[in-house]
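Below: the structure, in structure tokens.
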Amino acid sequence: MQQPAIRPLWKNFINGRWVEGARGRRIALEDPATAEPLAEIARAEVEDADRAVESARKAFDSGSLRELKPESRLALLFRIADELENLTEEIAITECLDNGKGITAARAQAPASARYFRYYGGVADKLEGRTIPLGEGYVDYTLLEPHGVSAQIVPWNFPLQLAVRSVSCALATGNAVVVKSPVLCPLSICLLGEACERAGVPEGAVNILCGRGSDVGNALVAHPGVDHAVFTGSVPTGKAILRQAAERVIPVVMELGGKSAGVVYPDADLDAVVDDVMIGAFSNAGQICSILSRLIVHTEVHDDLLDRLTARTEALSVGPGWEDHDVTPLISRDQLDKVEGFCLRAEEAGAQRITGGRRVPDVSGHFFPPTLYADVKPAMEIAQEEIFGPVLSVMRFDTPEEAVTLANGTDFGLVAGIYTEDLSRAHWTAQRLVAGQVFVNEWFAGGVETPFGGTRRSGFGREKGQEALLNYVQTKNVAVRLHTP
Ligand code: NAD
Numbered sequence: 001m002q003q004p005a006i007r008p009l010w011k012n013f014i015n016g017r018w019v020e021g022a023r024g025r026r027i028a029l030e031d032p033a034t035a036e037p038l039a040e041i042a043r044a045e046v047e048d049a050d051r052a053v054e055s056a057r058k059a060f061d062s063g064s065l066r067e068l069k070p071e072s073r074l075a076l077l078f079r080i081a082d083e084l085e086n087l088t089e090e091i092a093i094t095e096c097l098d099n100g101k102g103i104t105a106a107r108a109q110a111p112a113s114a115r116y117f118r119y120y121g122g123v124a125d126k127l128e129g130r131t132i133p134l135g136e137g138y139v140d141y142t143l144l145e146p147h148g149v150s151a152q153i154v155p156w157n158f159p160l161q162l163a164v165r166s167v168s169c170a171l172a173t174g175n176a177v178v179v180k181s182p183v184l185c186p187l188s189i190c191l192l193g194e195a196c197e198r199a200g201v202p203e204g205a206v207n208i209l210c211g212r213g214s215d216v217g218n219a220l221v222a223h224p225g226v227d228h229a230v231f232t233g234s235v236p237t238g239k240a241i242l243r244q245a246a247e248r249v250i251p252v253v254m255e256l257g258g259k260s261a262g263v264v265y266p267d268a269d270l271d272a273v274v275d276d277v278m279i280g281a282f283s284n285a286g287q288i289c290s291i292l293s294r295l296i297v298h299t300e301v302h303d304d305l306l307d308r309l310t311a312r313t314e315a316l317s318v319g320p321g322w323e324d325h326d327v328t329p330l331i332s333r334d335q336l337d338k339v340e341g342f343c344l345r346a347e348e349a350g351a352q353r354i355t356g357g358r359r360v361p362d363v364s365g366h367f368f369p370p371t372l373y374a375d376v377k378p379a380m381e382i383a384q385e386e387i388f389g390p391v392l393s394v395m396r397f398d399t400p401e402e403a404v405t406l407a408n409g410t411d412f413g414l415v416a417g418i419y420t421e422d423l424s425r426a427h428w429t430a431q432r433l434v435a436g437q438v439f440v441n442e443w444f445a446g447g448v449e450t451p452f453g454g455t456r457r458s459g460f461g462r463e464k465g466q467e468a469l470l471n472y473v474q475t476k477n478v479a480v481r482l483h484t485p
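Position one of the sequence shown corresponds to residue 1 (my numbering), numbered consecutively onward.
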């Protein structure tokens, strides 16, 4: 495939209109596969955050979404899904160039995003409260009410899907939204704005700003007109947002990083494990919060598995997304430096480099090869810190207890995996792993229907599945004293 082109200029979406930033500034975007300029987007400022919150507030207070009949809200979300699907090819090309994703993965973004709107659209008319027995002379019931204006801060690794997973749930429950897109990769979220516009989302119910986290993101969470926040991103930024939210006493969903481990028992189907690890560890060039980052392998099969993994890892192709390579570029030069730095320090600490470990030389794009380390010890930085690149550490264990201790031995707790044919062993291990989600024999198993989120420093609150709805509503209890007629 030839390198395609995209629109040169993009804007922010406030109160149903596409607008420049308050100070007329732009953010220059880069194609991570070439490091060449790609497009420009209007830079949102703090003043734009004010305008966006004001418009969301007006939309919420007007009842244009909240008071829609539930079946009409369902229909609205289904129309957004349809419009996203109509934009599949433009979203694919945009995400491929702006983010670096392989074109096949990029083509999956719109259908996956549409699925969120259909899933949560489907529950918009099924959000039911309870009646609570209080005895003779009383009626008591609960109402599930939206929070109001939800500020949603999105990272760059899966911008469209991560925006959609929160926006769909927020709209289904009647909240108005201001999304802050990531400055490194904001464009597919603009196309979400277009889908909302075409679907007839009420003016101001969805606003999209591309601005810097330190000013616009910060201003949004601190804004007195915001009632609720969803943050997806790194632990340090999450902590800063929590401090802001504490000042305002607003609820926050925290979807943070991970350092997830897969445990390979000696009875596992090793061919299947190798196939799965290629996806679990190297998809999206490892830039996934729930990436498989540590493989904890039983001594009996360790050397055999490492040999097989090495052969398959070295056979993966590295190159631009539009040529649909197995491993596509990292998002930026900074990310490339960061990932390589982890590798250099791992080797200084005694980890054994099996393959990869240094940036691809003599290319202008931000390419890093899929990388394997063995002899990784639990205390090493490479075994503790989130790398966010295509780097897998392989460790060994002898007893199931030891495997669980190693897997749980970080400050994170996002996801974990188990490879075994033994059902009892799988459940025994799943019960002991500290993680919000455990995969057995397939990394990334699950979908929109399955609750996702972290424990420990990986965050709290859940996105996806019916659990997510609980984060977007608050319960109002109505207690009625009946008088004798
Ligand atoms: P980041 O924390 O640097 O930025 C995330 C977003 O926060 C960006 O939009 C940024 O502009 C904004 N931001 C920065 N400072 C802010 C502030 N003070 N106030 C408000 N907003 C601010 O993260 P990143 O580098 O964009 O993304 C990578 C991280 O995201 C990784 O740690 C990854 O694990 C995590 N992540 C988590 C999930 C999940 O669902 N748990 C999903 C994807 C990514």
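Here a beta-carbon is modelled for each residue, glycine too, at the ideal position from N, C-alpha and C.
Checklist entry - Any idea which residues DSSP pairs G350 with across the strands? => result Looking at the DSSP output, G350 bridges to nothing.
Item to check | Nearest candidate by alpha-carbon position, reference V473, set V391, T450, A351 and I250 | outcome: Taking only the C-alpha atoms, the option nearest V473 is I250.
Next on the checklist: If I measure Cβ to Cβ from P370 and keep anything under 7 angstroms in the same chain, skipping five residues before and after, which residues do I get?
Outcome noted: Non-local beta-carbon contacts of P370 in its own chain, meaning distances under 7 angstroms to residues more than five positions away in sequence, involve F282, T313, L316, V327, G356 and P390 in chain order.
Item to check | For L127 and L38, the rounded distance between their alpha carbons | outcome: Approximately 43 angstroms between the Cα atoms of the pair.
Item to check | Spatial neighbours of L9 in its chain, beta-carbon cut-off 6 angstroms, leaving aside the 5 residues before and after | outcome: Correct list, in chain order: E40.
Item to check | DSSP three-state assignment for L65, whether helix, strand or coil | outcome: If DSSP states are grouped into helix, strand and coil, L65 belongs with coil.
Next on the checklist: Based on DSSP bridge pairs, tell me the residues matched to T355.
Outcome noted: Looking at the DSSP assignment, T355 forms a beta bridge with L372.
Next on the checklist: Report the start-end ranges of each alpha helix (DSSP H) in the segment 126-214 that is 4 residues or longer and not cut off at the edges.
Outcome noted: Within the segment 126-214, the complete alpha helix (DSSP H) segments at least 4 residues long are 159-172 and 187-199, listed from N- to C-terminus.
Checklist entry - Is the beta carbon of I132 less than 8 angstroms from the beta carbon of A163? => result Cβ distance not < 8 angstroms, so I132 and A163 don't count as in contact.
Checklist entry - V253 to E47, Cα distance in whole Å? => result Their Cα atoms are separated by approximately 25 angstroms.
Checklist entry - In this structure, does DSSP put Y119 in helix, strand or coil? => result Secondary structure at Y119: helix, using DSSP grouped into helix, strand and coil.
Item to check | G257: CB within 7 angstroms of a non-hydrogen atom of the ligand NAD | outcome: Yes, the beta carbon of G257 sits closer than 7 angstroms to at least one heavy atom of the ligand NAD.
Checklist entry - What first and last residue would you give for the alpha helix (DSSP H) that runs through D98? => result Unbroken alpha helix (DSSP H) run through D98: T88 to N99.
Checklist entry - Would the C-beta of I486 count as close to the ligand NAD, meaning under 7 angstroms from any of its heavy atoms? => result Any answer about residue 486 is impossible in this case: the structure gives the chain only from 1 up to 485.
Item to check | Rounded straight-line distance, which links the Cα of I103 to that of C502 | outcome: Nothing can be reported for residue 502, as the shown portion of the chain is limited to 1 through 485.
Checklist entry - Just checking my contact of V263 with I288 at CB under 8 angstroms: how many whole Å lie between their CB atoms? => result Contact flag wrong, Cβ pair sits at about 19 angstroms.
Checklist entry - Using a Cβ-Cβ cut-off of 7 angstroms (strictly less than) and excluding sequence neighbours within five positions of P378, which residues of its own chain qualify? => result Its chain contains L406 and G409 as the residues whose beta carbon lies nearer than 7 angstroms to that of P378, once the 5 sequence neighbours on both sides are disregarded; these appear in chain order.
Checklist entry - Which whole-angstrom value is the C-beta distance of A33 and G447, which I expect to be below 8 angstroms? => result A33 to G447, Cβ: 29 angstroms. No contact.
Checklist entry - Cβ of V514 within 8 angstroms of Cβ of R457? => result A query on residue 514 cannot be resolved here, the shown segment of the chain reaching from 1 to 485 and no further.
Next on the checklist: Going by DSSP, what residue range makes up the beta strand (DSSP E) through N471?
Outcome noted: For N471, no beta strand (DSSP E) encloses it; the enclosing alpha helix (DSSP H) starts and ends at L469 to Y472.
Checklist entry - Near P70, what residues of its chain come up, given a Cβ to Cβ distance below 6 angstroms and the 5 sequence neighbours on each side ignored? => result Here P70 has A124 and D125 as same chain residues with Cβ atoms under 6 angstroms from its own Cβ, once five neighbours each way along the sequence are excluded.
Next on the checklist: What does the Cβ neighbour count give for D307, buried or exposed, with the cut at 16 atoms within 10 Å?
Outcome noted: With fewer than 16 Cβ atoms within 10 Å of its Cβ, D307 is classed as exposed.
Item to check | Sub-8 angstroms separation of H228 and H147 beta-carbons | outcome: A distance below 8 angstroms separates the beta carbons of H228 and H147.
Checklist entry - From R353 to L392, what distance separates their C-alpha atoms? => result C-alpha separation (whole angstroms): 10 angstroms.
Checklist entry - Got a sec, what are the start and stop residues for the alpha helix (DSSP H) L270 sits in? => result First-last of the alpha helix (DSSP H) with L270: L270 to F282.
Item to check | Local conformation of N477 per DSSP, three classes | outcome: N477: strand per DSSP, three-state reduction.
Checklist entry - For the alpha helix (DSSP H) that contains A246, what are its first and last residues? => result Segment V235 to R248, the alpha helix (DSSP H) holding A246.
Checklist entry - What residue from M395, D215 and L171 has the CA that sits closest to G122's CA? => result Closest option to G122, Cα to Cα, is L171.
Checklist entry - Considering only C-alpha positions, which residue in the set Y419, A106, K180 and E347 is nearest to D269? => result D269 has its Cα closest to that of Y419, out of Y419, A106, K180 and E347.
Item to check | Rounded straight-line distance, which links the Cα of G258 to that of A430 | outcome: Approximately 17 angstroms between the Cα atoms of the pair.
Next on the checklist: So, at 8 angstroms on beta carbons, what are the nonlocal neighbours of P451 in its own chain, with the 5 sequence-adjacent residues on each side left out?
Outcome noted: Counting only Cβ-Cβ distances below 8 angstroms, and skipping sequence neighbours, we find G436, Q437, R462, E463, K464, G465, Q466, E467 and A468.
Checklist entry - Got a sec, what are the start and stop residues for the alpha helix (DSSP H) P400 sits in? => result Membership of P400 in the alpha helix (DSSP H) is indicated by the continuous run P400 to A407.
Next on the checklist: Taking the straight line between their C-alpha atoms, what separation do you get for E145 and R248?
Outcome noted: C-alpha separation (whole angstroms): 20 angstroms.
Checklist entry - Rounded to a whole number of angstroms, what is the C-alpha to C-alpha distance between M380 and S260? => result CA-to-CA, the gap between M380 and S260 works out to about 15 angstroms.
Next on the checklist: If contact is defined by three or more beta carbon pairs under 8 angstroms, each pair taking one atom from either stretch, is the segment 213-222 in contact with the segment 193-205?
Outcome noted: The answer is no - the segment 213-222 does not touch the segment 193-205, with fewer than three Cβ pairs under 8 angstroms.
Next on the checklist: What would DSSP say about A124, mapped onto helix, strand or coil?
Outcome noted: If DSSP states are grouped into helix, strand and coil, A124 belongs with coil.
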